[in-house]
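See below for the structure under consideration.
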């Protein structure tokens, strides 16, 4: 999915393949977002250049026109949805459902961004540009939604061939590696926190000024003296109270 402003959908692309990576269907659906394009000069966001001129999107039907078609694509029987950063795409779809009063489409998916991170054990999640460059995938027009989908397909095919696995086996392997990476990082995080705590304790102990033997003896004597004084005080007070009570009760 591509958006005109990081929120409103202007493109929906897909590639339908079989287990042997043969392309059965492919399309890039341009959608009138109903909002102005703002893909450059955004805070903390890279500039994006889409595949088509703005006029192509504005001359296309809006999301509600394509809703049934998109629903059929996402709920095709015996199909597994595989995409890139699909949690973001699900958010874009949610915005469109609300905007056009459409029922949310329920579907499950594999997020290749997370799977690829588990496969490479990279510290940070990669971008489409990143894995396309790493795997040397040719003939991809970035930010053209069906080409982005095709890039994911080609990446899965490259990994499948390298590991000598079928598509289904590759997805299971990638999911396992991603879970293993999460577990390793969780364990590493716990050990890091324990190590940090120990170092902080060592630092605090090192900063502590310990009393000398003479100071310790003096402080101990002072403490015992105070204890004795308080004991005598409470004893005297209790005795006085008992004496007064005995006078009153006579």
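Numbering (our numbering), first residue to last: 213 to 462. The beta-carbon is built from N, C-alpha and C at its ideal position, and this holds for glycine as well. Fair warning: this is a prediction, and the values are worked out from it, not measured in the lab.
Proximity below 7 Å, CB of residue i to CB of residue j
i: residue 354; j: residue 341; result: yes
i: residue 283; j: residue 246; result: no
i: residue 371; j: residue 324; result: no
i: residue 221; j: residue 304; result: yes
i: residue 307; j: residue 250; result: no
i: residue 383; j: residue 331; result: no
i: residue 326; j: residue 390; result: yes
i: residue 276; j: residue 312; result: yes
i: residue 263; j: residue 374; result: no
Cα-Cα separation, residue i to residue j
i: residue 432; j: residue 441; result: 14 Å
i: residue 229; j: residue 236; result: 5 Å
i: residue 450; j: residue 436; result: 21 Å
i: residue 397; j: residue 406; result: 14 Å
i: residue 445; j: residue 460; result: 23 Å
i: residue 344; j: residue 267; result: 29 Å
i: residue 420; j: residue 413; result: 11 Å
i: residue 427; j: residue 418; result: 19 Å
i: residue 322; j: residue 299; result: 10 Å
i: residue 337; j: residue 425; result: 58 Å
i: residue 257; j: residue 316; result: 28 Å
i: residue 259; j: residue 253; result: 7 Å
i: residue 329; j: residue 339; result: 10 Å
i: residue 248; j: residue 217; result: 7 Å
i: residue 443; j: residue 430; result: 20 Å
i: residue 408; j: residue 395; result: 20 Å
i: residue 261; j: residue 399; result: 40 Å
Neighbourhood of residue i by C-beta, 7 Å cutoff - its chain only, sequence neighbours within 5 removed
i: residue 333; result: 393
i: residue 376; result: none
i: residue 358; result: 225, 226, 227, 238, 239 and 240
i: residue 301; result: 213 and 295
i: residue 410; result: none
i: residue 244; result: 269, 270, 272, 273 and 274
i: residue 423; result: 431
Classification of residue i by the beta-carbon crowding that lies within 10 angstroms, buried from 16 upward
i: residue 291; result: exposed
i: residue 366; result: buried
i: residue 242; result: buried
i: residue 434; result: exposed
i: residue 381; result: exposed
i: residue 360; result: buried
i: residue 363; result: buried
i: residue 447; result: exposed
i: residue 310; result: exposed
i: residue 439; result: exposed
i: residue 416; result: exposed
i: residue 453; result: exposed
i: residue 285; result: buried
Terminal residues of the beta strand (DSSP E) in which residue i lies
i: residue 293; result: 293 to 295
i: residue 222; result: 221 to 229
i: residue 241; result: 235 to 242
i: residue 328; result: Counting along the chain, residue 328 falls outside any beta strand (DSSP E), though it belongs to the alpha helix (DSSP H) covering 324 to 332.
Proximal residues to residue i (C-beta, below 6 Å), its chain only, five neighbours per side dropped
i: residue 233; result: 369
i: residue 314; result: 279
Start and end residues, alpha helix (DSSP H) containing residue i
i: residue 343; result: 340 to 346
i: residue 464; result: Any question about residue 464 goes unanswered here, given that the chain covers just 213 to 462.
i: residue 304; result: 298 to 312
Beta-carbon proximity list for residue i, same chain, < 8 Å, skipping 5 on both sides
i: residue 378; result: 231 and 372
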